[in-house]
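Report on one structure; see the data block that follows.
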């Protein structure tokens with residue numbers, strides 16, 4: 021057992037030390053007041069694993085609109101295959117996603133469509149929805165080398181997600197109206213990211 025554990029740890033450390041690693045942030049996601057951080061690790065000359073985490077914990081108040089929020093956290097793992105070499109040029113990916121949300125009194129700019137349940141895009145204008153989601157999709161992107169340690173990345177992904185939720189009468193004061201679920205198909209990733217490569 022000790023030998024097996026030693027071999028596993030040695031392999032992980034060996035991959036980490038020999039692999040190219042980048043940290044990143046999605047500037048479009050940052051612009052929505054959602055701080056995020058990602059890490060991408062090279063697996064070989066033409067493949068990488070990407071992992072991004074984002075968190076929006078804010079409630080905004082205005083006299084004309086009251087409390088508005090699109091609170092959520094999300095984690096998105098992804099496998100990427102590069103047409104030329106890792107961290108350079110075109111890539112195709114398969115991503116997954118999961119997280120939780122609490123949204124009310126906002127317009128959600130989610131391109132795509134909901135089916136088999138509430139349309140959350142319009143529903144959160146007049147109700148509060150709280151719940152979780154999980155899904156998967158496909159990504160296409162491109163990275164430009166800016167310098168020895170810096171890259172710029174653009175990506176878009178399309179996929180499916182299922183959300184389960186509790187629906188409330190209003191932002192903070194209303195009781196629970198219903199519980200349910202809905203399905204979404206459309207844009208699941210969109211980003212312009214800056215990367216620092218080690």
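Numbering (my numbering), first residue to last: 21 to 218.
Even for Gly, the Cβ is constructed at its ideal location relative to N, Cα and C.
* **Alpha-carbon to alpha-carbon, residue 151 and residue 186** => 6 Å
* Under three-state DSSP, which class holds residue 142? -> helix
* To do: Taking all protein chains shown into account, decide if residue 90 is buried (16 or more other Cβ within 10 angstroms of its Cβ) or exposed.
  => buried
* Asked: Considering residue 154, what are the terminal residues of the beta strand (DSSP E) in which it resides?
  -> 148–165
* **Pair within 8 Å by beta-carbon distance, residue 207 and residue 176** => yes
* Three-state secondary structure (DSSP) at residue 90? -> strand
* To do: Check the DSSP bridge columns for residue 131 and list the partner residues they point to.
  => Answer is none; residue 131 lacks a bridge partner.
* Which residue comes first and which comes last in the beta strand (DSSP E) that contains residue 186? -> 170–188
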